[in-house]
Structure formats: structure tokens, C-alpha cells
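*Asks:* Before we start, here is the structure in question, set down as C-alpha cells.
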Amino acid sequence: MTLPFKRIDWTQPWLAPLAERGVRWQSAAIDGYSIYLETLNADARSMDITTGRGKPLSFIAQDDLPAGASYEAHIAATGCVPTRHNLHDFFNASIWFQFPRIKAALNARQAAQIDALGIGPTRGVLRDALTLFDENAVLFVCADPALSDALRDFDWRTLFVTRRADWGVRCEAQIFGHALLEKLVAPYKACTGHAWIVAVPPGYFSLDDSKRRVLLDERVAKTLLDHPPTSRDFAPLPVLGVPGWFPANEFPPFYDDTSVFRPGRRHRG
């Protein structure tokens, strides 16, 4: 049970933003399930984080979710996040601390849909889009529309080679989806996220990491609450193509693999 936790490598660039808290949580998870939950809840009590309906965040064992209760509706109504002793839920909890407003916005939207439509055999279009964001989103933060266009148009050569020097100063990627983070514990070339484009002013890239997170958290949460997302709002992003994230991508032929960096639509107009 603890072996997957031991495999987390906090030096990986996509995990480094979570490392300060994550190293402690990893140690607690290796020590045992109850110790792990106690550690999560101690951190939650020290933070002003609420779920979709303003309830203080806490974490409970998966078995404490009442029979027949909906996961998202329970979180919204009680603040309690059912949490298993596995990597998937480990990273879910991590993102509650990293981007609490976005997580609360997703939870509020999910709970409202459950109130309106109930729990059926399928989630429905909106809940599918919300789940896609929650599980697999990458925030593609960008101060240059040409780079956003390159992403939308599958123009990998422009995005990753021609404009490579612009990464970190005109655009960046931040992993949000906890299922994607789980996959990236054992990364593979075809690992692909669903990029959610966040337009920012150039001054964003002069901010420190904590201020960047606050800005993104507020901006994306507002967008999710104001405008129901759809699956068409995302663009595929092979995450190991991000400059600086994988040694092999330092060589341009890395991006010639069309099974990963697939050709697609090109810029219209």
C-alpha cells in the first residue's frame, strides 16, 4: 500500500510546486492511513479553505462516506472530502491546498448539477467537463495570443521549438488535474493533459510563485462560476513536451513523433 507513495519524486518540475507540503504528507502516508488523515486535517485546520458551499475543508476515510451519498454533494454539504489511501486521492488533497478557489468552484458547480438533475447513469455534459478539468487539466498560462493559437492549432513546432525561449517569460504550464499528477509519478511520453488557457498580462511572469497561484486561483475560479465549461474549451497538451520538463525534449526531433504530437487543425484566417 505504501510503495506508490515512496515512488514520488519531488524534484520533477511538475511536482516541485507541491513539494513543501507534499514531503510531509508522503511521510505520513507511508506511516499509515490514520496518520495520513490526521496530517491532512491538521493542515486543513491551519488554513481558511472552504468547499463549494462554504463549509470548512476536512478529510475523512472513504468508508465514512454515507451509503448512497454522492461524493461531490457530500463535500459541498459537509466540507468533508472522502479520501482513500492512494496516490489519486493524495494529489486530489494536494490541489485543494494549491488552488482552493478553483476546487471550491468545481465542487459548487458539481453539487448544483446534482441538486438539479440527481445522480443518473451518466454525468451529463457539464459534469463531464467539470470532471475532465478536475482530473486532467493543465493551466496553460499565457501572455501572448500567438502562443495560445499555436497550442489550439497543434502547432507544436512553434510552441515548443521556434518559441522555446518564451517558456517561463511569456507562457507556462501548471498541472491541476490530480489524475494527471498520479500518472506523472511514472511519466511516459504520450502523457497528455487537457490545457485550459488562462490569459494573463506580461507582468504575471515577474510575480513570485505564491502570487502567481493566487492570481490563477481567483481568475480561473471566477471563470468557472460565471461560464459553464464545455469539453471544447480544452486543448490537448503532451506534458513532457514542456521545455525543461523532460531531458529528451531538448532535441527538436523529440517533437517529430506524430503518435504523441499529433497534427491537427491549423490557424484559421
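Counting in this note's numbering, the sequence shown runs from 1 upward without gaps.
For glycine and all other residues, C-beta sits at the position ideal for the given N, C-alpha and C.
Please name the residue, chosen from Gly241, Leu151 and Pro187, that lies closest to Asn253 on a Cα-to-Cα basis.
*Replies:* For the purposes of this step, residue 253 is taken as residue 253 along the sequence shown, with counting starting at 1. Looking at the sequence provided, one finds Pro at residue 253 rather than Asn. Cα-wise, what sits closest to Pro253 is Gly241.
*Asks:* For Tyr36, does the count of other Cβ atoms within 10 angstroms reach 16, so buried, or fall short, so exposed?
*Replies:* By 1-based counting over the sequence shown, the position of residue 36 is 36. Buried, since its Cβ has 16 or more Cβ neighbours within 10 Å.
*Asks:* So is Gly269 buried or exposed if we call it buried at 16+ other beta carbons inside 10 Å?
*Replies:* One-based indexing of the sequence shown puts residue 269 at position 269. Unreliable placement is indicated for Gly269, whose pLDDT of 39 sits below 50; the coordinate value is still reported in the next sentence. It counts as exposed.
*Asks:* In the region 129-171, which residue ranges form an unbroken alpha helix (DSSP H) of at least 4 residues, counting only runs that do not cross its ends?
*Replies:* Segments of the alpha helix (DSSP H) lying fully in the region 129-171: 145-152.
*Asks:* Give the range of the alpha helix (DSSP H) segment to which Ile75 is assigned.
*Replies:* Numbered from 1 along the sequence shown, position 75 holds the residue referred to as residue 75. Unbroken alpha helix (DSSP H) run through Ile75: Tyr71 to Thr78.
*Asks:* Please tell me whether Ala137 and Phe176 are closer than 8 Å, where the distance is taken between their beta carbons.
*Replies:* Here residue 137 refers to the residue found at position 137 of the sequence shown. Here residue 176 refers to the residue found at position 176 of the sequence shown. Yes, the Cβ-Cβ distance between Ala137 and Phe176 is below 8 Å.
*Asks:* Determine whether the beta carbon atoms of Leu147 and Asp134 lie at a separation below 8 Å.
*Replies:* Residue mapping note: residue 147 aligns to position 147 of the sequence shown, counting from 1. Residue mapping note: residue 134 aligns to position 134 of the sequence shown, counting from 1. The answer is no: Cβ separation not under 8 Å.
*Asks:* Buried or exposed: Ala129, going by 16 or more other Cβ atoms within 10 Å of its Cβ?
*Replies:* Residue 129 sits at position 129 when you count from the first residue of the sequence shown. So Ala129 ends up on the buried side.
*Asks:* Hey, out of Ala179, Trp245, Ala19 and Ala67, whose CA is closest to Phe97's CA?
*Replies:* Sequence index remark: in the sequence shown, residue 97 carries index 97 (1-based). For the residues Ala179, Trp245, Ala19 and Ala67, the minimum Cα distance to Phe97 belongs to Ala19.
*Asks:* The alpha helix (DSSP H) spanning Gly193 covers which residue range?
*Replies:* Within the sequence shown, residue 193 is the residue found at index 193, counting from 1. No alpha helix (DSSP H) holds Gly193; the beta strand (DSSP E) holding it covers Thr192 to Ala199.
*Asks:* Under three-state DSSP, which class holds Arg268?
*Replies:* Residue 268 sits at position 268 when you count from the first residue of the sequence shown. Only weak support exists for where Arg268 lies, its pLDDT of 43 falling under 50; the coordinates are left without a value.
*Asks:* What whole-angstrom Cβ distance do Ala16 and Trp10 have, given they're in contact under 8 Å?
*Replies:* Your numbering for residue 16 matches position 16 in the sequence shown. Your numbering for residue 10 matches position 10 in the sequence shown. Contact holds; Cβ gap of about 6 Å.
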